[in-house]
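K.L.:
Count along the sequence shown from 1, then add 1; that gives the number in our numbering.
Note that beta-carbon positions come from the ideal geometry of N, C-alpha and C, so glycine has one too.
Please read these numbers as outputs of a predicted model, since none were measured by experiment.
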Amino acid sequence: MKIGFYSESVADQAALAVFAEGILGEPPEPIEMALEGHGVSTVLSLLANVYRGVYYNSDAEGLVVVVDCDDTAMHSLDHGKPEVTSGDCRFCQAQAIVEKTKKHLKPRNGRPSLKVAIGLAVPAIEAWYLVGENHQVGEAAWKVGLESNQRPFTRRQLKRLVYNTDRPSLELETECAVAEARRILEDLKAIETAFPAGFGSMAKEIRSWKSQ
Numbered sequence: 002m003k004i005g006f007y008s009e010s011v012a013d014q015a016a017l018a019v020f021a022e023g024i025l026g027e028p029p030e031p032i033e034m035a036l037e038g039h040g041v042s043t044v045l046s047l048l049a050n051v052y053r054g055v056y057y058n059s060d061a062e063g064l065v066v067v068v069d070c071d072d073t074a075m076h077s078l079d080h081g082k083p084e085v086t087s088g089d090c091r092f093c094q095a096q097a098i099v100e101k102t103k104k105h106l107k108p109r110n111g112r113p114s115l116k117v118a119i120g121l122a123v124p125a126i127e128a129w130y131l132v133g134e135n136h137q138v139g140e141a142a143w144k145v146g147l148e149s150n151q152r153p154f155t156r157r158q159l160k161r162l163v164y165n166t167d168r169p170s171l172e173l174e175t176e177c178a179v180a181e182a183r184r185i186l187e188d189l190k191a192i193e194t195a196f197p198a199g200f201g202s203m204a205k206e207i208r209s210w211k212s213q
């Protein structure tokens with residue numbers, strides 16, 4: 002299956018391709034377009050254009066979009082319909098952007114509509130990379146930390162735990178991200194359990210593509 006990956010870093014996109022491989026049971030094929038984002042604001046502000054571009058100008062069957070939660074609202078499985086945003090939930094914002102964009106697109110020549118899977122990393126994608134290595138990562142632990150005003154870690158600490166530095170080079174970031182994703186594939190259920198809304202929802206959507 003040909004899938005495009007759109008997130009804050011090409012390093013994370015490489016890791017997402019590994020996760021998609023584990024979810025689908027086979028490596029995704031690269032698409033004809035190179036996608037890159039720089040920071041959450043850029044990913045969201047350009048998402049409509051990226052979706053439109055991938056839809057019309059590539060042979061992609063699916064598009065995976067992942068953003069960091071940072072200090073915004075966590076996504077909840079009861080947030081409601083995809084086209085309805087819930088406060089400052091970036092998952093819902095991304096869904097709303099995609100749904101709105103879809104309404105203005107013409108049918109692709111002989112091809113079905115472009116499928117989309119959205120993920121929200123809480124509080125950052127480095128937390129995903131620590132599944133199985135650090136029991137403090139996970140949506141439940143982060144929620145408890147927010148409610149008690151005692152967060153289990155900072156985003157800088159997460160980077161240090163994954164890369165051994167909070168300012169990794171792109172090469173190091175990619176190497177570590179891909180290696181951790183490969184490790185996590187040995188027990189993919191663990192990351193879906195730790196991050197049911199942000200990763201689990203994405204995985205469920207990707208998994209459904211195989212049966213369509």
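Tell me whether PHE196 sits in a helix, a strand or coil according to DSSP, three-state version.
P.N.:
Of the three classes helix, strand and coil, the one that applies to PHE196 here is coil, per DSSP.
K.L.:
Beta-carbon within less than 6 Å of ALA204's beta-carbon, same chain only, minus the 5 sequence neighbours each way: which residues are those?
P.N.:
So the qualifying residues of the chain are ILE24 and GLU193.
K.L.:
In terms of residue numbering, what span does the alpha helix (DSSP H) encompassing VAL65 cover?
P.N.:
Looking at the DSSP string, VAL65 is not in any alpha helix (DSSP H); the run it does join, the beta strand (DSSP E), is 63–69.
K.L.:
How would you label LEU151, buried or exposed, when you count the other beta carbons within 10 angstroms and need 16 or more for buried?
P.N.:
Inspection of the sequence shows that residue 151 is occupied by Gln rather than by Leu. Exposed.
K.L.:
Along the alpha helix (DSSP H) that carries PHE6, what are the first and last residues, could you check?
P.N.:
Counting along the chain, PHE6 falls outside any alpha helix (DSSP H), though it belongs to the beta strand (DSSP E) covering 4–7.
K.L.:
Please identify the residue among PRO169, GLY199, ALA18 and ASN50 whose C-alpha is closest to the C-alpha of LEU106.
P.N.:
Closest option to LEU106, Cα to Cα, is ASN50.
K.L.:
I'd like to know if the region 90–105 and the region 167–180 are in contact, where contact means that at least 3 CB-CB pairs between them fall below 8 Å.
P.N.:
No: fewer than three Cβ pairs fall under 8 Å.
K.L.:
Put ILE98 into one of helix, strand or coil per three-state DSSP.
P.N.:
Residue state, collapsed to three classes: helix.
K.L.:
In chain order, what residues of the same chain lie with their CB nearer than 6 Å to the CB of PRO153, ignoring the 5 residues before and after it?
P.N.:
So the qualifying residues of the chain are GLN137, ALA142 and GLY146.
K.L.:
By DSSP, does LEU115 sit in helix, in strand, or in coil?
P.N.:
Here LEU115 sits in coil by DSSP.
K.L.:
Just checking, does the region 57–77 make contact with the region 107–126 on the three C-beta pairs under 8 Å criterion?
P.N.:
Contact holds: three or more Cβ-Cβ distances are below 8 Å.
K.L.:
Label ALA35 either buried or exposed according to how many other C-beta atoms from any shown protein chain fall within 10 Å of its C-beta, with 16 as the threshold for buried.
P.N.:
Classification for ALA35: exposed.
K.L.:
Roughly how far, in whole angstroms, is the beta-carbon of GLY63 from the beta-carbon of LYS116, given that I think they are within contact range, below 8 Å?
P.N.:
Rounded, the Cβ-Cβ distance is 4 Å, consistent with contact.
K.L.:
Just curious, the alpha helix (DSSP H) that PHE20 is in, first and last residue?
P.N.:
It spans 11–25 - the alpha helix (DSSP H) in which PHE20 sits, taken as one unbroken run.
K.L.:
Between which two residues does the alpha helix (DSSP H) containing ASN58 stretch?
P.N.:
48–58 is the span of the alpha helix (DSSP H), which, as asked, contains ASN58.
K.L.:
Look at the alpha carbon of GLY40 and the alpha carbon of ALA16, and state the distance between them as a whole number of angstroms.
P.N.:
The alpha-carbon atoms of GLY40 and ALA16 are separated by roughly 17 Å.
K.L.:
In three-state terms, what does DSSP make of ALA141?
P.N.:
In this structure, ALA141 counts as helix in the three-state DSSP scheme.
K.L.:
Give the DSSP-derived three-state secondary structure of ALA182 in the structure shown.
P.N.:
Looking at ALA182 - three-state DSSP - the assignment turns out to be helix.
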